[in-house]
Amino acid sequence: MQWLQGAERGRALLSYITFRSAGAFVTALLISFFVGPFIIRRLQRMAVHQVVRAGTPDTHANKGSTPTMGGLIILAALVVPVLLWARLDNLYVLLSMFVTLWMGGIGFLDDYLKLMQKRAGAVNKGLVERYKLAGQVTCGVIFGLILFYVPLNDLPGASTTLPFFKYLLIVPLSNGFAWLYVPWVTFILTGVSNAVNLTDGLDGLAAGLVAIAMMTFGVFAYVLGRVDTSEYLLLFYLQGAGELTVFCAAIVGACIGFLWHNAHPAEVFMGDTGSLALGGALGAVALLLKSEFLLVFVGAVFLVETASVIIQKTVFKYHLKKFDRQYANDHKVFRTAPIHHHFEKKGWAETQVVVRFWILGVLCAILALSTLKLR
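So for the sequence shown, my numbering puts the first residue at -5; every next one is plus one.
So, in structure tokens, the structure goes:
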């Protein structure tokens, strides 16, 4: 009888999202800790080494012997706790995992082709950019069509909300712009996944920022998935969205565990396998919570990193067309891009750049959380 009562209490405990989120976090953390070294040794034996990009600071020259494709650690540390702790009949979780694994698959193919090209003595550029973009766009279109046609809650599929406004729902369908929703979803997913990929240039930078961002969205998922808290804070209730808290917690645990191996000096890099997967997960969660405009705050550092690359390339091409290559090289906006390398070339140590960008990420996350009440 006591055994039955204990089992009943255990079943009741598993009904709490907070308990399962904690379980997912700890499970992901432990997998990253203990499975990480095995995967790193395997990657070392396979000589899956990082390709040092041209234009990076001289201090990065010794990183060519560091293994990449460490995103496999993150994916392993994400999939297992989601299977163990999340409700697998929940569409929010299934769609998030779909996007994460699809983007991670594109990244894995890119990393694998770089390895094969390197072994063959060819220029290791990895997956051709247009094919990589085609894969990301395809994922975005499929995800967008599912959001458009499959009802996840009582709100219109093609809709979103704005921070700082209470009960404001933007519905393109009502204004004859429904056709814009799928391209919008595709743009967000592709943009965020590439933004995280661009940010992954320093030891621990991308993993730390994604952990901060996912903690923030985890709070939003919990709030929006509860009738009482969403009503109190004048937010739309999203039935079933609370389960994304478990997914977010698993990613936070996976990223923090990965940081143990990725902190300076890094033992492994996540590669495109990890960065595209994490970027896809971040974009998917934002879209599922109808909070993609929050990415302006939550993903501010990612946006700045991406903007620095776009500005640098645009200005360089303009000067190259109007003048010559020497003039274009002498009149760059940044010493190099993305902007984290710019600060390195200005004399900041790598760890200084990483920690300061983390601090900015935390401040932006606090600003995003303030929108829960400031409406």
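Cβ coordinates follow ideal geometry from the N, Cα and C atoms, glycine included. Owing to the predicted nature of the structure, the values given are computational and were not obtained by experimental measurement.
Would you identify the three-state DSSP class for His335, choosing helix, strand or coil?
Within the sequence shown, numbered from 1, the residue matching residue 335 stands at position 341. DSSP places His335 in helix when its eight states are reduced to three.
Hey, Met208 and Cys242 are a contact pair by Cβ (cut 8 Å); roughly how many whole angstroms apart?
Residue mapping note: residue 208 aligns to position 214 of the sequence shown, counting from 1. Residue mapping note: residue 242 aligns to position 248 of the sequence shown, counting from 1. Sure, about 5 Å apart at Cβ, within 8 Å.
Would you say Val279 and Ser90 are within 8 Å of each other, going by their C-beta atoms?
If you number the sequence shown from 1, residue 279 lands on position 285. If you number the sequence shown from 1, residue 90 lands on position 96. Yes, they are a contact pair.
Does the beta-carbon distance from Phe19 to Gly247 come in below 8 Å?
Locating residue 19 in the sequence shown gives position 25, where the first residue counts as 1. Locating residue 247 in the sequence shown gives position 253, where the first residue counts as 1. A contact, by the Cβ cut-off of 8 Å.
For a test of your reading of the model: does the CB of Leu103 fall under 7 Å from any non-hydrogen atom of the ligand SAM? Yes or no.
Looking at this structure, you won't find the ligand SAM or any other ligand, since it has none at all.
Taking the straight line between their C-alpha atoms, what separation do you get for Val179 and Ser224?
Counting from 1 along the sequence shown, the entry for residue 179 is found at position 185. Counting from 1 along the sequence shown, the entry for residue 224 is found at position 230. Computed Cα separation, rounded: 24 Å.
Alpha carbons only, please: which of Thr308, Leu276, Leu314 and Phe310 is nearest the one belonging to Phe296?
On the sequence shown, position 302 is the one that residue 296 refers to. The option with the nearest alpha carbon to Phe296 is Leu276.
Is the number of C-beta pairs between the segment 62 to 79 and the segment 213 to 231 that are closer than 8 Å three or more?
Result no; under three Cβ-Cβ pairs closer than 8 Å.
Going by other Cβ atoms of all chains shown within 10 Å of its Cβ, with 16 needed for buried, is Glu123 buried or exposed?
Residue 123 sits at position 129 when you count from the first residue of the sequence shown. Exposed is the call here.
Rounded to whole angstroms, what is the Cα-Cα separation between Gly98 and Lys307?
Start at 1 with the first residue of the sequence shown, and residue 98 comes out as number 104. Start at 1 with the first residue of the sequence shown, and residue 307 comes out as number 313. Near 27 Å, if we compare the C-alpha coordinates of Lys307 and Gly98.
Using the C-alpha atoms, what's the distance from Val309 back to Thr60?
Here residue 60 corresponds to residue number 66 of the sequence shown, with the count starting at 1. Here residue 309 corresponds to residue number 315 of the sequence shown, with the count starting at 1. Using only the alpha carbons, I get a separation of about 33 Å.
Taking the C-alpha atoms as reference points, what is the distance between His43 and Leu109?
Residue numbering aside, residue 43 sits at position 49 when the sequence shown is read from its first letter. Residue numbering aside, residue 109 sits at position 115 when the sequence shown is read from its first letter. Those two C-alpha atoms are separated by around 8 Å.
Residues in its own chain within less than 7 Å of Glu344 by CB, not counting five upstream and five downstream?
The residue given as residue 344 occupies position 350 in the sequence shown. The answer, listed in chain order, is Thr53, Leu196, Asp197, His258 and Glu338.
Classify Leu253 as helix, strand or coil using the three-state DSSP reduction.
As a position in the sequence shown, residue 253 is number 259, starting the count at 1. Looking at Leu253 - three-state DSSP - the assignment turns out to be helix.
Using C-beta distances below 6 Å, list every residue in its chain close to Gly120, excluding the 5 sequence neighbours before and after it, in chain order.
Locating residue 120 in the sequence shown gives position 126, where the first residue counts as 1. Here the set comprises Asp104, Leu107 and Lys108.
Locate the alpha helix (DSSP H) running through Ala16, then write down its first and last residues.
By 1-based counting over the sequence shown, the position of residue 16 is 22. Ile11 to Arg39 is the span of the alpha helix (DSSP H), which, as asked, contains Ala16.
Can you give the beta carbon distance from Tyr175 to Gly138, rounded, assuming they're within the 8 Å contact cut?
For this step, residue 175 is matched to residue 181 along the sequence shown. For this step, residue 138 is matched to residue 144 along the sequence shown. The Cβ separation is near 6 Å, so the contact holds.
What is the C-beta distance between Thr21 and Leu78, in whole angstroms, given that I count them as a contact (C-beta under 8 Å)?
The residue given as residue 21 occupies position 27 in the sequence shown. The residue given as residue 78 occupies position 84 in the sequence shown. Contact holds; Cβ gap of about 6 Å.
Short of 6 Å in beta carbon distance, which residues of its chain neighbour Thr239, apart from the five on each side in sequence? Order them along the chain.
Here residue 239 refers to the residue found at position 245 of the sequence shown. Taken in chain order, the residues that qualify are Ile11, Ser15, Gly212, Ala215 and Tyr216.
Give every residue of the same chain whose Cβ lies closer than 8 Å to the Cβ of Val93, excluding the five residues on either side of it in the sequence, and list them in chain order.
As a first step, residue 93 is located in the sequence shown; it is residue number 99 there, counting from the start. Cβ within range, chain order: Cys133, Phe137, Leu183, Gly274, Ala275, Gly277 and Ala278.
Determine the extent of the alpha helix (DSSP H) in which Pro75 is found, giving its start and end residues.
Here residue 75 refers to the residue found at position 81 of the sequence shown. Run containing Pro75: Gly65 to Trp79, per the alpha helix (DSSP H) assignment.
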